[in-house]
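Start counting the sequence shown at 1; every next residue gets the next number (full-length UniProt numbering). Glycine residues also receive a C-beta, built at the ideal position from the N, C-alpha and C atoms. Data block below; observations after.
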Amino acid sequence: MKNHWISRQALIYRVICSFGIVILLFAACKKDHTEPVKEPVKVTDYYPNSGNKGTLVTVEGTGFGGDVSAAFSGTTADIVSSTAKAIVMRAPAGGTSGDIVMKVNGETITIGKFTYQELTIKGISPKNGAAGTHIRISGEGFGSQSGPAQVFINGKTALIVSASDTLLVAEVPEAAGTGPVTVKVNGKEASGQTFKYQSITAIKPLTGGKGTHVRITGSGFEELVQGNYVDFNGKQALVVEAADDHLIVIAPDAVNTGPVSVTINSQKVTGPAFTVVASPVILSVSPLSGPAGAVMTITGTTFSTFTDENKVTINGKQVALIAATPTRITLTIPGGTGNGKIVLSVNDQVTEGPEFKDQSLGISKLSPENGLAGTRVTITGTGFNAAAGQNAVTFNGKRATVVSASETSLVVIAPEGFTSGPLKVVVDGQTTFAPADFNRAGVITLAGGPGKNDFVFDGRSGAITVDTHGNVYVLEAKLNRVKKVTPDGTVSIFAGSPSGQSGFRNGTGTDALFSLNVGSGMAIDDQDNLFLSDYANQVVRKITPQGVVSTFATNIGYSSKIAFDEKGFLYVINGFSNALRFDKNGQRSTVNLSGILESSRPAIFGDTFYAVSNESIYVTSTDFTGKRNPSLCGANYGYADGIGPAAMFTDINGLTSDGKGNILIADNGNRAIRNVNISTREVTTIAKFVTGSNDGSLGEARFGSMGDIAIGKDGTLYIIDYNNNAVRKVFLK
1 MKNHWISRQA LIYRVICSFG IVILLFAACK KDHTEPVKEP VKVTDYYPNS
51 GNKGTLVTVE GTGFGGDVSA AFSGTTADIV SSTAKAIVMR APAGGTSGDI
101 VMKVNGETIT IGKFTYQELT IKGISPKNGA AGTHIRISGE GFGSQSGPAQ
151 VFINGKTALI VSASDTLLVA EVPEAAGTGP VTVKVNGKEA SGQTFKYQSI
201 TAIKPLTGGK GTHVRITGSG FEELVQGNYV DFNGKQALVV EAADDHLIVI
251 APDAVNTGPV SVTINSQKVT GPAFTVVASP VILSVSPLSG PAGAVMTITG
301 TTFSTFTDEN KVTINGKQVA LIAATPTRIT LTIPGGTGNG KIVLSVNDQV
351 TEGPEFKDQS LGISKLSPEN GLAGTRVTIT GTGFNAAAGQ NAVTFNGKRA
401 TVVSASETSL VVIAPEGFTS GPLKVVVDGQ TTFAPADFNR AGVITLAGGP
451 GKNDFVFDGR SGAITVDTHG NVYVLEAKLN RVKKVTPDGT VSIFAGSPSG
501 QSGFRNGTGT DALFSLNVGS GMAIDDQDNL FLSDYANQVV RKITPQGVVS
551 TFATNIGYSS KIAFDEKGFL YVINGFSNAL RFDKNGQRST VNLSGILESS
601 RPAIFGDTFY AVSNESIYVT STDFTGKRNP SLCGANYGYA DGIGPAAMFT
651 DINGLTSDGK GNILIADNGN RAIRNVNIST REVTTIAKFV TGSNDGSLGE
701 ARFGSMGDIA IGKDGTLYII DYNNNAVRKV FLK
């Protein structure tokens, strides 16, 4: 009996527990049930606003659906169709002009006025477009005998190009804007569907490359990205953001310079051109380390003049910029960036710069930026030790003497035997490098000089060349001889009369005689044999490295400057309009030239002959097929770097090729060494000097004049400075 009672108790307990669980589950389910949020009812447009009975009126908006009814001035209208975004109703018979009132799920909305009349707009096509688009307006009642119909788009008068009683074709006016299409006839007015006006007012940026994010500003864009087709000069771009007044797109991989266009519903609008430019290049960063508050300068190419189009990060942290030009960006080092790469992005075109050290020690400037052993160099920066001996300075590993020191400046002496490379400062365990390598560059007087008689030059006469061992040969045309200058500056007569006697005699060294002229030229082959044009004797003479003189070619006429090409052919300028070409065996042919200066050394690169114009202000080029470019670079007297005719020279006295696609020019009138990039025709200045005779860095040295120019195999230049009666040696690296 007792066990039976216990079983009944357990059964009741289980029933109660089960019932409780059911109640809890029901409550949980009820709690988790989320009622959908109803979208509010909103009307964005309706059309037409007039017509006869039976006219179909479309109401557009959001939040429609469910129980919908409508009335025209109180008269019930039939609902033809209903969706969440559009309701179509029929104007009832017996209705009167007045308000259209609509009910949606019990909510009453006044739509707008409807006028019962014959004049009505049933539709427009297209429904969007740019200025100049022709839209077809269909309807009734457009005809009139009292005057033509008028069409307005968003209140602005549109030109009607075609008209009938049921169809008007109108041209969208400039700056129409988005708004209803309205027709006025016989004092009556009807409005139809809203026309969406498309325009592109601006793109930003205007330059870039593949991957550049471009903001297109305008009107009438689709707010769904897929509704906008954007192309850059015919190449489709990816749309990543869309709104009525702007689009954000990414320039495609195959982007070319050309207009940006947006097409919506087959209607195209074209905006400004997007110009493809090269990716940015960082040439230098100064300083490469430093404390918060120090100003950093980044130099290079293809930067944007709009500060916001340049983005700089240090160790991944973006830094605010102060200013930007096409070649220079300045910013304030924020501090706390940590050590890391400097990265520049210009309109999403990214380039990586050097490493930056987040520390107190830093170098912002070197003055001068190049020099020779013994040059005093001022190092400007931060974090130096005021005790000179506590600052360790090296030039590409060579220890320099620190003359004076402060916390922001060091004065050091460039050490003997240094080579071009990084300049490093170490202070209290911290290390920093100069923004760019310190180059062993400058000018020394190899031989001669003011008051010395090592050479005798007559104006800009003379020629210079250098052999593979660094020996320099100088043609003294006035004294009919060739002098040799060894690498240590020792000068001797290599061939020709010590007294300056003229004549025609082969022999060795001073036994040989020449009859030279102001225009006589000299060149050297790859075996270190000299060749010179013996003007009065009308021959080409050959001089071996041992000084043995022979006759290489005869009966050449009165010839002047000469040069070798890379294949070993010798070219001799033979008058104002042609040159003679000789192979290694002395066989000759003629190259047609025109307008070249006979008294200036030409240069040859590849299959093209580069010579100075008769006015000494521009360089011509003629290939060996006779095709001539009368002005590779230069056009007027003056001094200016630039491309092609934008560059200016004054009195070019010599040219030489570096064998790498550049022509080096001795611009005597400007006391400047100029460089021409053959492929781009761009002229730049390597160094420009003031008048004088000083040796020193490229910024300190001076020249009295510039005659002929030659280049050694290591890139060192040799120039006749005839006003200083000297041969100058120019180190460029």
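Buried/exposed call for residue i, threshold 16 Cβ in 10 Å
i           : result
Q546        : exposed
A387        : exposed
G661        : exposed
T212        : buried
R399        : exposed
S560        : buried
V22         : Because V22 carries a pLDDT of 40, less than 50, the predicted location of this residue cannot be relied on, and the following value inherits that uncertainty. With fewer than 16 Cβ atoms within 10 Å of its Cβ, V22 is classed as exposed.
residue 736 : The shown model of the chain, from 1 to 733, leaves out residue 736, and the question about it has no answer.
D721        : buried
V161        : exposed
V690        : exposed
S499        : exposed
N725        : buried
N555        : exposed
V485        : buried
N653        : buried
Q587        : exposed
T465        : buried
A237        : buried
L361        : buried
Cβ-Cβ distance between residue i and residue j below 8 Å
i    : j    : result
V377 : G383 : no
I137 : G54  : no
V727 : L717 : no
L288 : T307 : no
K483 : I493 : yes
Y535 : L513 : no
A77  : A86  : no
G61  : V43  : yes
R674 : I643 : no
I604 : A563 : yes
P435 : V285 : yes
I250 : V240 : yes
F152 : T133 : no
A447 : G489 : yes
G208 : G470 : no
G271 : I203 : yes
G568 : K584 : yes
V104 : V41  : yes
T325 : V281 : no
Range covered by the beta strand (DSSP E) that runs through residue i
i    : result
H246 : 246–250
P148 : Where P148 is concerned, there is no enclosing beta strand (DSSP E), given that its DSSP letter is neither H nor E.
P354 : 349–358
A242 : 235–243
L423 : 423–427
I109 : 107–116
F609 : 608–612
K452 : Element bounds for K452: n/a, residue is neither H nor E.
N578 : 578–582
G220 : From DSSP, G220 is part of no beta strand (DSSP E); its letter is neither H nor E.
F731 : 726–731
Q587 : Careful: Q587 lies outside any beta strand (DSSP E) and carries neither H nor E.
V722 : Rather than Val, the amino acid found at residue 722 in this sequence is Tyr. Y722 -> no beta strand (DSSP E), and no H or E assigned at all.
D623 : 619–623
S404 : 401–405
DSSP beta-bridge partners of residue i
i           : result
T263        : Y229, K268
L698        : In DSSP, L698 forms no bridge with anything.
T378        : S367, V411
P180        : T194
residue 814 : Limits of the chain in this structure are 1 at one end and 733 at the other, which puts residue 814 out of reach.
M296        : L331
N677        : N662, E682
G362        : T382
M648        : N636, A640
K53         : The partner list for K53 (beta bridge, DSSP) is empty, contrary to what the question assumes.
N256        : Per DSSP, none; premise fails for N256.
A463        : L475
Every unbroken beta strand (DSSP E) inside the region 500–563 [3 residues or more]
Those beta strand (DSSP E) runs which fall completely within the region 500–563 and span 3+ residues are 522–524, 530–534, 539–543, 548–553.
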